[in-house]
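Chemist: Start counting at 1 in the sequence shown, then tack on 59, and there's your number in this note's numbering.
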Amino acid sequence: MTGGYAGKILKIDLSKKKIHQWRADEALLRKFIGGSGLAAKILFDETAHSVDPFDPENLLIFMTGPVTATRVPLSGRYQVVSKSPLTEIYGESDSGGSWGPELKKAGFDGIIISGRASKPVYIWISDRDVELRDADHLWGMDTYETDQAVKDETDENAVVSCIGPAGERLARIACIINDGKHGRAAARCGLGAVMGSKRLKAISVRGTGRIEVADPEALEDSVKELAPSIIENARNMHDYGTSGGMTTMEYLGDIPIRNWLLGSWEEGAEKLSGQTMAKTILSGRYYCSGCIIGCGREVSFEDEKYGRVEGAGPEYETLAMLGTNCLVDDLKAVAKANELCNRYGLDTISTGAAVAFAMEAYEHGLISYEEAGEIRLTWGKVDALLGMIEKIGKREDGLGWLLGEGVKRASEKIGGVSAEFAIHVKGLELPAHDPRAYYSQGLSYATSNRGACHLQSLSHIFERSVTLPDLGFPEVQERHSLNRKDELVTKAQNLMCMFDSLKVCKFIMFGGVKPSTLVEWLNLVTDWNMNLEEFMRTGERIYNLKRLYNLREGISRKDDVLPPRILIHKKGEGGSAESLPPLGEMLSRYYHYRGWNELGMPSEEKIKELELEEEAKFL
Ligand code: SF4
60 MTGGYAGKIL KIDLSKKKIH QWRADEALLR KFIGGSGLAA KILFDETAHS
110 VDPFDPENLL IFMTGPVTAT RVPLSGRYQV VSKSPLTEIY GESDSGGSWG
160 PELKKAGFDG IIISGRASKP VYIWISDRDV ELRDADHLWG MDTYETDQAV
210 KDETDENAVV SCIGPAGERL ARIACIINDG KHGRAAARCG LGAVMGSKRL
260 KAISVRGTGR IEVADPEALE DSVKELAPSI IENARNMHDY GTSGGMTTME
310 YLGDIPIRNW LLGSWEEGAE KLSGQTMAKT ILSGRYYCSG CIIGCGREVS
360 FEDEKYGRVE GAGPEYETLA MLGTNCLVDD LKAVAKANEL CNRYGLDTIS
410 TGAAVAFAME AYEHGLISYE EAGEIRLTWG KVDALLGMIE KIGKREDGLG
460 WLLGEGVKRA SEKIGGVSAE FAIHVKGLEL PAHDPRAYYS QGLSYATSNR
510 GACHLQSLSH IFERSVTLPD LGFPEVQERH SLNRKDELVT KAQNLMCMFD
560 SLKVCKFIMF GGVKPSTLVE WLNLVTDWNM NLEEFMRTGE RIYNLKRLYN
610 LREGISRKDD VLPPRILIHK KGEGGSAESL PPLGEMLSRY YHYRGWNELG
660 MPSEEKIKEL ELEEEAKFL
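1) Let's test the definition: count the other Cβ atoms within 10 Å of the Cβ of ILE520 and tell me whether it reaches 16, buried, or not, exposed.
2) Judging by CA-CA distance, which residue of THR127, THR549, THR597 and ALA208 is the nearest neighbour of TYR504?
3) Taking the DSSP output, what are the residues bridged to PHE569?
4) Could you check whether LYS544 and MET645 sit closer than 8 Å to each other, using their CB atoms as the reference points?
5) Using 8 Å as the threshold, is the C-beta distance between PRO144 and VAL253 below it?
6) TYR346: beta carbon under 7 Å from a heavy atom of ligand 1?
7) CYS350: beta carbon under 7 Å from a heavy atom of ligand 1?
8) So, with DSSP's three-state summary, where would you put ARG454?
9) Output the distance between the C-alpha atoms of LYS283 and LEU577, rounded to the nearest integer angstrom.
10) Output the residue ranges of the alpha helix (DSSP H) runs that lie fully inside the stretch 401-426 and measure 4 residues or longer, sorted by chain position.
11) Do GLY93 and MET122 count as a contact pair if the criterion is CB distance below 8 Å?
12) Would you mind reading off the limits of the alpha helix (DSSP H) that contains GLN334?
13) PHE566: beta carbon under 7 Å from a heavy atom of ligand 1?
14) Closest by CA to TYR96, which one among LEU331, ASN508 and ASP195?
15) Could you name each continuous beta strand (DSSP E) segment of 3 residues or more that falls completely within the stretch 238-297, going from the start of the chain to the end?
16) Under the DSSP definition of a beta bridge, which residues are partnered with ARG79?
17) Would THR585 be called buried (16 or more neighbouring beta carbons within 10 Å of its own) or exposed?
18) Give every residue of the same chain whose Cβ lies closer than 6 Å to the Cβ of ASP618, excluding the five residues on either side of it in the sequence, and list them in chain order.
19) Consult DSSP for PRO623 and reduce its assignment to one of helix, strand or coil.
20) In the DSSP assignment, the beta strand (DSSP E) including GLY370 goes from what residue to what residue?
21) Mark ILE627 as exposed unless 16 or more other C-beta atoms lie within 10 angstroms of its C-beta, in which case mark it buried.
22) Taking the alpha-carbon positions, what's the ARG187 to PRO315 distance?
23) Any chance the stretch 129-139 sits against the stretch 348-368, with 3 or more Cβ pairs inside 8 Å?
24) Once DSSP output is grouped into helix, strand and coil, what is the label at HIS196?
25) Within the same chain, show all residues whose beta-carbon is closer than 6 Å to that of TYR375, passing over the 5 residues directly before and after it, in chain order.
26) Check whether the Cβ atoms of TYR149 and LYS562 lie closer than 8 Å to each other.
27) As an exercise, report each continuous alpha helix (DSSP H) stretch of at least 4 residues that is fully enclosed by the stretch 513-564, in chain order.
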């Protein structure tokens with residue numbers, strides 16, 4: 060077997076209660092790597108284009124990468140891929156913690172789940188032994204409770220990935236949580252609801268094996284040489300987490316405030332910052348498996364109003380979406396809101412967007428006090444934030460149920476002018492980076508294969524502090540400029556496909572690691588002789604494969620858009636007061652750079668170059 064791979068992928072049909080093992084051949088692995096790339100290929104090949112996300116025929120795929128559970132630093136992540144019930148196009152999400160490495164050490168690179176169990180089940184994997192177990196008694200438990208209950212029944216050292224009540228009740232913004240109270244989440248695209256539709260409550264894994272790599276000594280030497288500089292360069296991430304840059308982001312006009320309407324809130328950002336957290340509720344720093352940065356936050360406090368809160372603390376995205384975007388600046392309240400989302404199994408980004416959307420609809424009289432379940436949905440009101448999260452998590456009838464459908468569907472139902480402030484792309488709510496602050500993110504959100512997502516390119520970091528000399532960007536790029544945005548976003552998206560397929564945390568770039576180092580590590584693990592060109596072409600192939608999946612679903616240029624508020628509404632204050640992303644021009648240049656036509660479809664030459672002829676036959 061090629062170094063780095065466990066060599067087997069589980070196929071579990073929950074309808075038939077059948078468990079098989081499958082081996083991907085080396086040619087397929089070299090073409091699609093693992094993680095996101097391999098899972099996208101399987102989803103593309105094995106599901107019909109019209110499949111309903113909640114149909115038993117839809118697949119739910121958990122996949123690790125070739126460097127998972129090796130000495131490659133920050134390689135503790137895994138990918139979940141399915142057709143998204145939120146966007147009804149290609150859906151993927153990734154999570155950290157230790158579940159991915161544990162699966163690999165148990166002897167499996169991934170799990171492909173099909174069908175629907177006749178009653179709730181969970182999967183127990185212990186060093187190549189796999190069984191389906193009854194989960195009737197777990198149904199209804201929150202994710203932290205589920206984690207402990209499953210470990211009690213399987214192995215205290217097992218790692219559990221599971222859903223909460225939101226996923227069970229098919230909230231389209233439901234996530235999958237692993238590592239219990241550490242609250243690591245495969246958050247985006249509503250994949251927790253796909254798991255719920257399959258009546259799969261949890262997957263518990265215990266693995267004690269080792270992953271063989273081609274050249275362990277050289278890999279060890281390379282990692283040892285780079286580790287000190289990675290730790291030093293990313294010290295701020297360690298000390299203050301992803302919210303360490305909160306005040307800088309506010310200064311630049313990057314943070315969403317009051318449902319993306321305002322441009323400045325210095326005091327709010329300060330109160331929610333990583334620096335404030337470090338001085339108040341922070342109890343520890345969390346490292347995913349194999350991580351040497353430790354950007355995760357752990358919090359602990361007891362409060363009269365919020366009770367005891369202990370475990371995963373809010374990250375930047377959560378602080379911005381549940382905090383500033385709802386005009387809430389109470390750090391303890393956001394930590395409580397984060398815990399509620401984790402326990403119910405809700406994506407904090409989509410949930411924050413949904414609550415802010417509801418607050419604005421309430422302000423405009425489109426939702427009444429009665430319709431809100433007797434909650435005054437006033438901006439900045441903590442009770443409103445926490446109360447609505449409870450209603451969404453429990454899928455209570457009325458507004459709680461509706462917001463669990465995501466802001467796109469909620470605005471379609473509420474009507475009136477609500478579409479003006481339903482902030483999403485292709486149905487996925489915007490994460491907390493404003494395209495008016497970073498033009499490249501405007502292009503990236505519009506074209507991202509899973510809907511609005513900053514992680515599909517992470518391009519704003521190349522307009523803020525990080526360089527990409529290997530790929531022709533030796534300087535930090537100008538954020539409010541059209542210059543080379545087509546090339547930057549294309550290369551960044553292709554590169555992120557490789558991060559998501561190798562399964563390396565993208566934050567390693569804050570440690571100074573460049574693409575050429577990833578190529579070196581991949582070769583040392585697998586014994587391949589890939590060069591940077593093949594590496595980037597592989598990322599491009601994977602990106603185009605996901606685009607083909609979406610084209611098959613009817614996506615084209617008409618869908619590569621931004622919400623009106625982001626596209627045509629100037630904030631008028633703060634660090635991006637007068638800027639609007641020039642999307643039309645960026646999009647045309649981007650299609651041209653990608654070798655796509657004006658409708659956003661890859662040309663015949665591009666398909667041939669990427670060896671995607673089979674997949675593109677439907678075009
Ligand atoms: S940097 Fe943060 S998210 Fe990335 S692997 Fe480390 S702890 Fe996990």
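Don't be surprised by glycine CBs; every beta carbon is placed ideally from N, CA and C.
Modeler: Let me lay it out:
1) buried
2) THR549
3) Bridge partners of PHE569: none, in fact.
4) yes
5) yes
6) yes
7) yes
8) coil
9) 15 Å
10) 407-422
11) yes
12) 333-338
13) yes
14) One detail in the question is off: residue 96 reads as Gly in this sequence, not Tyr. The shortest C-alpha separation from GLY96 is found at ASN508.
15) 243-245 and 259-265
16) The identity of residue 79 in the sequence shown is His, whereas the question assumes Arg. HIS79 pairs with LYS70.
17) buried
18) LYS485
19) helix
20) 366-371
21) exposed
22) 46 Å
23) yes
24) coil
25) THR301 and SER302
26) no
27) 544-561
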